[in-house]
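Taken in sequence, the protein lines are chains A and B. Residue numbering for the first sequence follows the working numbering, starting at -13 and increasing by one per position. Residue numbering for the second sequence follows the working numbering, starting at 118 and increasing by one per position. Idealized CB from N, CA, C, for every residue including glycine. Predicted model only: the values in this text are computed from it and were never measured.
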Amino acid sequence: MATDERLAAQQWPIVTRRWRAFGWIAALTTVYAVSWQLVGIDLGRAAEGLPRLLDWGARGWPPDFSNPQVLALRAAETVAMATLGTTIAAVLALPLAWLAADGISPSKAVAVPIRWWFNALRGIDSFIFALIFVAAVGLGPFAGVLGIGLHVWGSMAKLYAESMETANLRPFKAAVASGANRSKAFVFVLLPDVVRDLLSVTLFWWEFNVRASTVLGIVGAGGIGQMLKNSMDLLDFPRVVAVILVVLALVTAIDQVSALLRRRVA
Amino acid sequence: MSSPVLVVEGVRKRYGAHQVLHGVDLAVAPGEFVALLGPSGSGKTTLFACLTRLLEPDEGQVTVNGRPVTGTRGRGLAAARREIGMVFQQYNVAERLSALDNVLAGRLTHQPTWRAALRRFPDADRRAALAQLRLVGLEALAAQPAGTLSGGQQQRVAIARALAQQPRVLLADEPVSSLDPVAAEGVLSTLSGIAARDRVGVLCSLHQEHLATRFATRVVRLTAGRIVNPEPSNPAPQRSA
Ligand SMILES: Nc1ncnc2c1ncn2[C@@H]1O[C@H](COP(=O)(O)OP(=O)(O)OP(=O)(O)O)[C@@H](O)[C@H]1O
Ligand SMILES: [Mg+2]
Chain A
-13 MATDERLAAQ QWPIVTRRWR AFGWIAALTT VYAVSWQLVG IDLGRAAEGL PRLLDWGARG
47 WPPDFSNPQV LALRAAETVA MATLGTTIAA VLALPLAWLA ADGISPSKAV AVPIRWWFNA
107 LRGIDSFIFA LIFVAAVGLG PFAGVLGIGL HVWGSMAKLY AESMETANLR PFKAAVASGA
167 NRSKAFVFVL LPDVVRDLLS VTLFWWEFNV RASTVLGIVG AGGIGQMLKN SMDLLDFPRV
227 VAVILVVLAL VTAIDQVSAL LRRRVA
Chain B
118 MSSPVLVVEG VRKRYGAHQV LHGVDLAVAP GEFVALLGPS GSGKTTLFAC LTRLLEPDEG
178 QVTVNGRPVT GTRGRGLAAA RREIGMVFQQ YNVAERLSAL DNVLAGRLTH QPTWRAALRR
238 FPDADRRAAL AQLRLVGLEA LAAQPAGTLS GGQQQRVAIA RALAQQPRVL LADEPVSSLD
298 PVAAEGVLST LSGIAARDRV GVLCSLHQEH LATRFATRVV RLTAGRIVNP EPSNPAPQRS
358 A
């Protein structure tokens, strides 16, 4: 009796799998169709805009590198914003990461609300924070530093906690089993074991923040982004091209430095 | 016989449906070297984890030097744990810390947190840690990161760490399984010396019957989740080959 039934049972999954594939294709098609409609893609407008872009590019040549000290100052301001913001975030992130890390935290009761706090910070982009701080503390890089610091605080703390949780916890547990409390076991045994990972995470976010803070000027938070915005408003294309080239050089240089440092600590 | 430093009563532990410990009873007196024999998977590591409450026993009591390990938390638990030195089957040394720092971790419980954070232990503790490293023959490698040591050397760092704690009870989970016969005998005679000289109660799981009978003052077996058939104790360990 059973042979036919067993064969049927074997073939059944193949049939359902085929239906499932159709389902996926239909769902994806719908998502794209709806997105296209919502965004209002208009290829005609792209075709009209393209020559205009090319024209601006042509008018932007040769780039205007006059007042190089101002360009350099704004670039330095951007790096300074990223560096201070990252440092603030790191200093705030380390203790909270410790309190939130599973199996390491001295108290489970605080770990959960702290993790909600991380998610809240991560959910709001540094751009939005900067916008709020520009309104609160006024225009300039200080607002940018606060924006970067707050947003990245959550992201860094989350990654710090993950590096701690995925480290080898056995020596830490051994110290706890010997009667040391979790704080002592953490600072003496676990922290030195993970400090390189934490540094590497920090450098990654520093690099990320340099890139992010090139944009922050657009909301008035200082740095080279602000120059880009000003030149754009004046339709000063040679200056725009110069600023973009400086941003590219800056980001490339920071990537190299960060990669080098990370190789050093690894 | 003096009153026991380690008392285990009715310890039960199960993983899901698998009952590993069916009520373990055991007492270890100061100066005793008790060898725990039992086939692989019989629950030796589980028992040790329950004794320090790294694993929560389902039932039963553990007392060390008169202090309850079970049924306490916070400072009470820390005070009891301080009396128990543990040598883990997988050493559990911190690989990026030097051998000396690993041994100092055994002194952590006696230090205020600021000393732990600044990594500044009193000279007396550093000297004691170095002395333990000398005892296990690793003084020359004190500054080397523990992760770069051989398995046997890491095992000896773990022993030195447990001894640095100056415990009243020493638990050693197969401390010689990764050592060659000569090194194994060295480690076991160190442990039996600590029992005899410092009046520490030693409980040591082993796989090799002949090492157990040679070094231990008493041999017990873990079978079907219980300690069975405690053999009559030797008045003194037999050191002859
Ligand atoms: N976390 C766990 N979850 C489920 N079962 C476990 C767990 N840890 C141990 N066990 C089971 O409990 C039993 C006892 O394991 P344990 O490690 O205590 O044995 P052991 O006597 O130390 O063995 P060995 O001599 O090989 O070290 C084994 O059957 C094991 O599979
Ligand atoms: Mg084991």
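CB-CB length for residue i against residue j, believed under 8 angstroms
| i | j | result |
| --- | --- | --- |
| Pro113/A | Ala129/A | The sequence given here has Phe at residue 113/A, not Pro. The pair is not a contact, with the Cβ atoms about 11 angstroms apart (cut-off 8 angstroms). |
| Leu339/B | Lys161/B | 6 angstroms |
| Ala329/B | Leu323/B | 5 angstroms |
| Gln368/B | Ala263/B | In the structure as shown, chain B begins at 118 and stops at 358. Residue 368/B is therefore absent and cannot be evaluated. |
| Trp191/A | Thr69/A | That belief does not hold up - the Cβ atoms of Trp191/A and Thr69/A are roughly 11 angstroms apart, past 8 angstroms. |
| Val229/A | Ser217/A | 6 angstroms |
| Arg248/A | Leu189/A | 5 angstroms |
| Val204/B | Ala289/B | 4 angstroms |
| Phe174/A | Leu225/B | 6 angstroms |
| Leu154/B | Glu326/B | 7 angstroms |
Euclidean distance between Cα positions of residue i and residue j
| i | j | result |
| --- | --- | --- |
| Leu221/B | Thr334/B | 30 angstroms |
| Gly303/B | Gly310/B | 10 angstroms |
| Leu258/B | Ile276/B | 15 angstroms |
| Ile344/B | Ala160/A | 25 angstroms |
| Ala248/B | Pro81/A | 35 angstroms |
| Leu370/B | Pro298/B | There is simply no residue 370/B to check, as chain B begins at 118 and stops at 358 in what is shown. |
| Val227/A | Ala61/A | 15 angstroms |
| Arg6/A | Tyr18/A | 19 angstroms |
| Leu57/A | Ala79/A | 33 angstroms |
| Glu149/B | Ser215/B | 32 angstroms |
| Val274/B | Pro54/A | 60 angstroms |
| Ala134/B | Ala152/B | 29 angstroms |
| Gly211/A | Thr16/A | 38 angstroms |
| Ala97/A | Leu145/A | 15 angstroms |
| Ser295/B | Val232/A | 59 angstroms |
| Arg251/B | Pro229/B | 26 angstroms |
| Arg356/B | Val179/B | Note that Arg356/B has pLDDT 44, beneath the 50 cutoff, so the model's placement of it is unreliable and the number below is only indicative. When rounded, the distance between both Cα atoms is 31 angstroms. |
| Ile110/A | Leu177/A | 29 angstroms |
| Thr73/A | Pro127/A | 15 angstroms |
| Ala166/A | Arg285/B | 16 angstroms |
Any non-hydrogen atom of ligand 2 within 7 angstroms of residue i CB
| i | result |
| --- | --- |
| Gln272/B | no |
| Lys161/B | yes |
| Gln325/B | no |
| Gln178/B | no |
Distance cut-off 7 angstroms: residue i Cβ against heavy atoms of ligand 1
| i | result |
| --- | --- |
| Gln206/B | yes |
| Gly342/B | no |
| His139/B | no |
| Tyr18/A | no |
| Glu291/B | yes |
| Gly203/A | no |
| His227/B | no |
| Gly158/B | yes |
| Gly89/A | no |
| Tyr146/A | no |
| Gly155/B | yes |
| His137/A | no |
Pick from the options that is closest to residue i, judged by C-alpha positions
| i | options | result |
| --- | --- | --- |
| Arg213/B | Gly209/A, Trp42/A, Leu155/A | Leu155/A |
| Val128/B | Leu217/B, Thr226/B, Asp240/B, Cys167/B | Cys167/B |
| Gly89/A | Ile110/A, Ser164/A, Leu107/A, Ser149/A | Ser149/A |
| Leu117/A | Leu107/A, Leu184/A, Leu202/A, Ala87/A | Leu202/A |
| Trp103/A | Gly133/A, His137/A, Leu125/A | His137/A |
| Val196/A | Val237/A, Ile100/A, Val20/A, Val173/A | Val237/A |
| Gly332/B | Arg316/B, Val317/B, Leu308/B | Per the sequence presented here, residue 332/B reads as Phe, with Gly not at that position. Residue Leu308/B is the option with its Cα nearest to Phe332/B. |
| Arg184/B | Thr265/B, Arg190/B, Ala197/B, Ser159/B | Ala197/B |
| Leu171/B | Leu154/B, Ala300/B, Gly202/B, Ala146/B | Gly202/B |
| Gly71/A | Thr15/A, Leu214/A, Ser52/A, Ser141/A | Ser141/A |
| Glu63/A | Ser21/A, Gly30/A, Ala207/A | Ala207/A |
| Trp84/A | Ala12/A, Lys170/A, Phe51/A, Leu24/A | Lys170/A |
| Arg192/B | Val162/A, Leu14/A, Ala75/A | Val162/A |
| Gln206/B | Phe165/B, Val125/B, Glu126/B | Phe165/B |
| Ala245/B | Gln261/B, Ser157/B, Pro121/B, Gln282/B | Gln282/B |
| Gly177/B | Lys130/B, Thr163/B, Leu217/B | Lys130/B |
| Asn209/B | Arg278/B, Arg285/B, Ser119/B, Ala260/B | Arg278/B |
| Gly223/B | Ser157/B, Ser120/B, Asp242/B | Asp242/B |
| Arg250/A | Ala239/A, Val205/A, Leu185/A | Leu185/A |
| Val181/B | Thr169/B, Gln325/B, Arg190/B | Thr169/B |
At 4 residues or longer, what runs of the alpha helix (DSSP H) sit wholly inside the region 135 to 182 of chain A? 156 to 163, 168 to 171
Just list the alpha helix (DSSP H) runs in the region 139 to 218 of chain B, keeping only unbroken ones of 4 residues or longer that don't cross its boundaries, in chain order. 161 to 168, 191 to 198
Any chance you could list the beta strand (DSSP E) runs of at least 3 consecutive residues sitting entirely within the region 292 to 349 of chain B, in chain order? 318 to 323, 335 to 340, 343 to 345
Please list the segments of the alpha helix (DSSP H) lying wholly inside the region 27 to 111 of chain A, counting only runs of 4 or more residues, in order along the chain. 29 to 45, 54 to 86, 94 to 109
What are the start and end residues of each continuous beta strand (DSSP E) run of 3 or more residues lying completely inside the region 235 to 292 of chain B, in chain order? 286 to 290
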